[in-house]
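Counted the way this note's numbering counts, the sequence shown spans residues 19 to 472.
Glycine included, C-beta positions come from ideal geometry on N, C-alpha and C.
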Amino acid sequence: MTPSAASSSPGAPGLDIPEVVVAPGDIATTTVTVRNDSDIVEAYSLEIVGDCAAWTTVEPARVSLYPGTSETVTLRLEPPRSPEVRAGEVPLGVRVLPAEHPESVRVLETTVRIGAFHELHSELAPRRRRGWLRGRYRLAVRNQGNTPVRVGFTAGQAGEELAFAFTPAEHPLEPGESAEIGLRVRTGKPVWFGAPVVWPFTVDAAETGEQDAPRPDEPAVRTPLDAEFVQIPIFPKWLLALLAALLALLLAWFMLVRPAVRSAAKEAATEAVQPRPTPAGEQGADGQTPGTAPGTGTGTGKGTAPGAGSGGQGTGGPGGAGGDGTSVDNGTGVGGGQISQTIDVQSTRGQTKPGTYPVPEDSVFEVTDIVIANFQGDEGLMTITFGDRKVTTIALETFRNQDYHWVTPIKIPENDTVTVEVTCEKPGTPATGRQAQGCHEVVNVSGVLRRTAQ
């Protein structure tokens, strides 16, 4: 550049810097002429100040001048290709500090015009999704340029079998800002049987609106992201093989096994109803075999079933005095019957409320079954206790209907209780579609109630 014609105060150089235009990733240079107008030998230190100091250098950074001489220094600007270097005008300052007269320091300011560049980085996860009719993907987009943009999203497929939906369809991004976009892919028809069908498609993110012409070092067309949706069949291959095996078993049953079983059953029934020959000399005067009259005992043994007098003496009928029948009671008491008790517990949010069923006096309750109903889908905790014995503690949100069964009954003595304690954390939503005001659980306890005294 041409040195300034104006003279400075003693010890101060003459300075002049033109406006500089530079693109991120490029290098631009300009010059500053330092002239010593004093009457002594002076050394000058040059330093860059302002937002451009991180990527601007001075060569040389120190000059020594005789009176009336000058020297030109070079300013080298190398802004990085980064979102942190925003496009637009940035002030540039050069501070010149004389060593002998520091009070004559001067700072010259000029403007650096930083060009804009556009760069989008996008990633799709996952690249491959499996499903019956639809699949969900996540598209991550980052603006790595140095100017704000508004990004739109498109998806393409060779055919028309897939439908695409982005959420949102467009998104503004500041330099260095990232965003995550939801993508839903859906097919129109299910695949009932056979092998999975692979549907390839592409996803692209691009700036919307008017755009500047790309620089020579910028790609004019971005490569879209490749992805796949694998549509799996509703019924897998192993299910077809299982159905074929079941069909073969049914055919074998109706064609081979069932006729053989029916024939064997028919032969057994025919043999059972055929009269047996009576040995000669064993018929009575009335032509009947002794002991065949109804209710007539023919032996001297004891019958073991109630009313089975086949081994007793005498002429009593079935269950009469001619038999010595006995009834066996497998319980611990003298008798009892099946009962079923329902415990209904209703509680409000944050409340712990019990429900009980007390066993009557002179009785023992032999529990064999429990059925629990959480028909609202409440959330909380339920504890079931038989007397002092805790049977189970279960979270309400893990079930709607639950049942327990015991081959060996659990015996609850008299005056003990079946206790159901419910802690309501969040009421559920019943079939009406509106959330309930409180929790509501129903427990049905079944078994045998036996009397322990006559």
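Simplified DSSP assignment, three categories, for residue i
i: Val-460; result: strand
i: Ser-365; result: strand
i: Trp-210; result: coil
i: Pro-277; result: helix
i: Thr-288; result: helix
i: Leu-414; result: helix
i: Leu-126; result: strand
i: Ala-270; result: helix
i: Pro-98; result: coil
i: Thr-318; result: Bear in mind that the predicted position of Thr-318 carries a pLDDT of just 38, short of 50, making it unreliable; the figure below should be weighed with that in mind. Of the three classes helix, strand and coil, the one that applies to Thr-318 here is coil, per DSSP.
i: Leu-261; result: helix
i: Trp-150; result: coil
i: Ala-72; result: helix
i: Pro-445; result: coil
i: Ser-141; result: First, the residue type needs correcting, since residue 141 is Glu and not Ser in the sequence shown. Strand at Glu-141.
Alpha-carbon spacing of residue i relative to residue j, whole angstroms
i: Pro-214; j: Gly-153; result: 14 Å
i: Val-275; j: Ala-266; result: 12 Å
i: Gly-456; j: Ile-252; result: 40 Å
i: Asp-421; j: Lys-284; result: 42 Å
i: Asp-362; j: His-189; result: 53 Å
i: Trp-424; j: Pro-277; result: 39 Å
i: Val-466; j: Phe-383; result: 6 Å
i: Glu-60; j: Ile-66; result: 20 Å
i: Tyr-62; j: Ala-105; result: 33 Å
i: Gly-451; j: Gln-369; result: 23 Å
i: His-119; j: Asn-54; result: 12 Å
i: Phe-393; j: Gly-163; result: 56 Å
i: Thr-437; j: Lys-408; result: 9 Å
i: Thr-92; j: Cys-70; result: 15 Å
i: Pro-218; j: Ala-173; result: 11 Å
i: Asp-222; j: Glu-178; result: 17 Å
Anticipated Cβ contact below 8 Å, residue i with residue j, distance rounded
i: Arg-145; j: Ile-250; result: 17 Å between Cβ atoms; not a contact.
i: Pro-376; j: Glu-439; result: Going by Cβ atoms, the distance from Pro-376 to Glu-439 rounds to 15 Å, so no, they are not a contact pair.
i: Ser-381; j: Arg-469; result: 6 Å
i: Pro-193; j: Thr-165; result: 6 Å
i: Gly-405; j: Cys-442; result: Not a contact, Cβ separation roughly 24 Å.
i: Phe-247; j: Leu-201; result: Going by Cβ atoms, the distance from Phe-247 to Leu-201 rounds to 10 Å, so no, they are not a contact pair.
Of the residues the options, the one placed nearest residue i, counting alpha carbons only
i: Pro-186; options: Thr-366, Glu-179, Ala-197; result: Ala-197
i: Gly-111; options: Gly-68, Gln-175, Pro-445, Glu-195; result: Gly-68
i: His-136; options: Glu-397, Glu-225, Leu-260; result: Glu-225
i: Val-385; options: Phe-211, Thr-366, Val-463, Gly-227; result: Val-463
i: Glu-121; options: Glu-127, Arg-113, Pro-101; result: Arg-113
i: Gly-446; options: Val-50, Arg-407, Glu-415, Ser-281; result: Glu-415
i: Val-52; options: Val-38, Arg-124, Val-40; result: Arg-124
i: Pro-98; options: Ala-79, Val-216, Ala-72; result: Ala-72
i: Phe-494; options: Glu-77, Arg-160, Trp-256, Thr-205; result: As shown, the chain starts at 19 and ends at 472. That puts residue 494 outside it, with no answer to give.
i: Lys-444; options: Met-400, Thr-410, Ala-471; result: Met-400
i: Val-159; options: Glu-379, Leu-191, Thr-129; result: Leu-191
i: Val-50; options: Glu-77, Trp-271, Ser-365, Val-203; result: Glu-77
i: Pro-116; options: Thr-411, Thr-366, Arg-80; result: Arg-80
i: Ser-365; options: Leu-95, Ala-454, Gly-227; result: Ala-454
Exposed unless 16 or more other CB atoms sit within 10 angstroms - verdict on residue i
i: Tyr-84; result: exposed
i: Val-461; result: buried
i: Ser-56; result: buried
i: Ala-269; result: Looking at the sequence itself, residue 269 is Leu, so the reference to Ala does not match. Burial call: exposed.
i: Asn-419; result: exposed
i: Glu-459; result: buried
i: Leu-157; result: buried
i: Pro-42; result: buried
i: Asn-161; result: buried
i: Ala-413; result: exposed
i: Asp-244; result: exposed
i: Ile-58; result: exposed
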